[in-house]
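Asker: Here the protein sequences come in this chain order: F and D.
Taking numbering that gives the first Met the number 0 as reference, the numbering of the first sequence is continuous, increasing by one, and the terminal residue is 193.
Taking numbering that gives the first Met the number 0 as reference, the numbering of the second sequence is continuous, increasing by one, and the terminal residue is 193.
Glycine is no exception: its CB is placed at the ideal position from the N, C-alpha and C atoms.
Before I ask anything, let me first share the structure, which is written out below as structure tokens.
2 protein chains.
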Amino acid sequence: MMNFEDFEEKTISRKEIFKGHMIDVVLDEVRLPNGETSRRELVFHPGAVAVIPITADNKMIMVKQFRKPMEKVLLEIPAGKIDPGEHDHPKETAERELEEETGFRANMFTFVTSMYVSPGFANELLHIYYAEDLEKVPNPRPQDDDEILELYTLTLEEAKAEIASGLICDAKTIFAVQYWELQQLKTLLKEDKR
Amino acid sequence: MMNFEDFEEKTISRKEIFKGHMIDVVLDEVRLPNGETSRRELVFHPGAVAVIPITADNKMIMVKQFRKPMEKVLLEIPAGKIDPGEHDHPKETAERELEEETGFRANMFTFVTSMYVSPGFANELLHIYYAEDLEKVPNPRPQDDDEILELYTLTLEEAKAEIASGLICDAKTIFAVQYWELQQLKTLLKEDKR
């Protein structure tokens with residue numbers, strides 16, 4: 000088994016390329032463990048949250064929105080980036096995003112997992128929560144000014160059909176649908192065992 | 000239901016920030032459907048492939064490697080970016096990556112899904128394949144010069160334990176482990192129904 004030092008890429012120099020509102024970009028020259036040098040193009044991102052909201056009649060709430068990198072409209076679970084000062088409280092960010100994007104809050108809010116979405120070049124860490132026992136917020140916090148959203152509720156079969164159609168095509172939402180199916184199969188198996 | 004035009008963000012101007020080997024970065028000024036303007040920080044990426052390799056004794060092959068964006072060693076399924084000229088044949092890229100990183104090739108190679116890993120700022124599309132009936136390649140193509148890898152094989156329980164420990168912490172690998180568990184539960188349920 001190799002140790003950390005056998006893998007580590009030491010930074011020789013770093014060039015700052017871009018400092019944005021959402022991302023920073025740097026170019027590193029690194030020394031590999033074998034003594035060679037290489038370059039790494041890196042994107043630093045503040046992290047994000049996503050919520051899997053399940054209604055009382057067992058449907059998942061999703062939002063349709065335009066995504067500029069692909070020039071396409073995608074159907075996704077509610078999500079948003081972590082603002083400065085929120086890093087220690089991703090759950091609160093997730094609750095805020097759920098309310099802003101759907102107008103709901105959840106009485107049951109469970110942590111599912113945290114995942115680096117593209118570890119080859121970006122440090123974005125996405126925290127995912129499962130939200131049940133939803134209730135409408137009387138006067139929900141408004142959406143961000145620059146977000147145009149349309150709400151949908153989908154059964155598991157409908158969600159799987161939209162993955163097949165390509166309207167659902169992002170990692171967190173495909174993960175969410177698969178997670179939901181897994182929970183339902185686990186429940187079925189338990190019932191079978193009784 | 001809203002139409003595409005109700006969502007579309009029209010590009011007013013684009014500033015090229017960075018042209019790299021792996022990513023390009025641009026800054027767009029956009030016109031929102033409500034007439035307001037906003038800016039979008041975008042990363043263009045050639046796309047990537049990942050492989051879920053399952054051995055004859057039902058273990059998943061993973062690779063340990065250093066990931067510069069996080070300055071951490073991660074345990075991941077084999078993956079790699081798509082090279083120029085490979086865009087129409089992601090399956091061939093996946094077969095190449097499996098051979099280069101593990102020394103195996105698969106007699107059963109099945110498409111699982113394609114997913115945008117971070118649709119808020121990046122257009123990276125990841126194609127995932129399931130690889131079974133593996134055999135050792137006598138003289139496998141060598142690894143990339145700048146990749147230091149260590150191979151592991153894990154049972155489903157071991158993989159879930161490494162998600163809990165945080166060593167497995169990227170989206171594609173967490174998805175892969177969940178996908179694998181789902182296939183096993185579906186098989187169990189079918190057997191129960193007999």
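Roughly how many angstroms lie between the CA atoms of alanine 105 of chain F and threonine 54 of chain F, to the nearest whole one?
Answerer: For the pair alanine 105 of chain F and threonine 54 of chain F, the Cα-to-Cα distance works out to about 10 Å.
Asker: Along chain F, in chain order, which residues have C-beta atoms closer than 7 Å to that of phenylalanine 6 of chain D?
Answerer: Simply Gln64, Phe65, Val72 and Ile147.
Asker: Answer yes or no: do histidine 44 of chain F and methionine 21 of chain F have a C-beta to C-beta separation smaller than 8 Å?
Answerer: yes
Asker: Pairs of beta-carbons, one from the region 82–98 of chain F and one from the region 89–100 of chain D, closer than 8 Å: are there three or more?
Answerer: No contact exists between the region 82–98 of chain F and the region 89–100 of chain D.
Asker: Cβ of lysine 58 of chain F within 8 Å of Cβ of threonine 154 of chain F?
Answerer: yes
Asker: Just curious, the alpha helix (DSSP H) that lysine 63 of chain D is in, first and last residue?
Answerer: Taken as a continuous stretch (DSSP letters only), lysine 63 of chain D belongs to no alpha helix (DSSP H), being part of the beta strand (DSSP E) at 59–66.
Asker: How should glutamate 8 of chain F be labelled, buried or exposed, when 16 other C-beta atoms within 10 angstroms of its C-beta is the threshold for buried?
Answerer: buried
Asker: Counting along the chain, where does the alpha helix (DSSP H) carrying leucine 155 of chain D start and finish?
Answerer: 155–164
Asker: Closest by CA to methionine 61 of chain F, which one among F:Glu99, F:Glu35, F:Thr10 and F:Leu188?
Answerer: F:Glu99
Asker: Which residue comes first and which comes last in the alpha helix (DSSP H) that contains phenylalanine 174 of chain F?
Answerer: Phenylalanine 174 of chain F -> alpha helix (DSSP H) spans 170–192.
Asker: Can the beta-carbon of threonine 36 of chain F be found less than 8 Å from the beta-carbon of valine 25 of chain F?
Answerer: No, the pair does not count as a contact, with Cβ atoms beyond the cut-off.
Asker: Rounded to whole angstroms, what is the Cα-Cα separation between leucine 41 of chain F and glutamine 64 of chain D?
Answerer: 16 Å
Asker: Judging by CA-CA distance, which residue of F:Arg140, F:Gly79, F:Ser113 and F:Lys185 is the nearest neighbour of isoleucine 127 of chain F?
Answerer: F:Ser113
Asker: On a Cα-Cα basis, can you pick out the residue from D:Ala170, D:Pro141, D:Arg140 and D:Trp179 that is closest to glutamate 157 of chain D?
Answerer: That would be D:Trp179, whose Cα lies nearest to the Cα of glutamate 157 of chain D.
Asker: Quick one: give me the first and last residue of the alpha helix (DSSP H) that proline 89 of chain D is part of.
Answerer: 89–101
Asker: Using only the alpha-carbon positions, how far apart do lysine 135 of chain D and leucine 125 of chain F sit?
Answerer: 36 Å
Asker: Among F:Ala170, F:Tyr129, F:Gly102 and F:Met0, whose alpha-carbon lies nearest the alpha-carbon of asparagine 138 of chain F?
Answerer: F:Gly102
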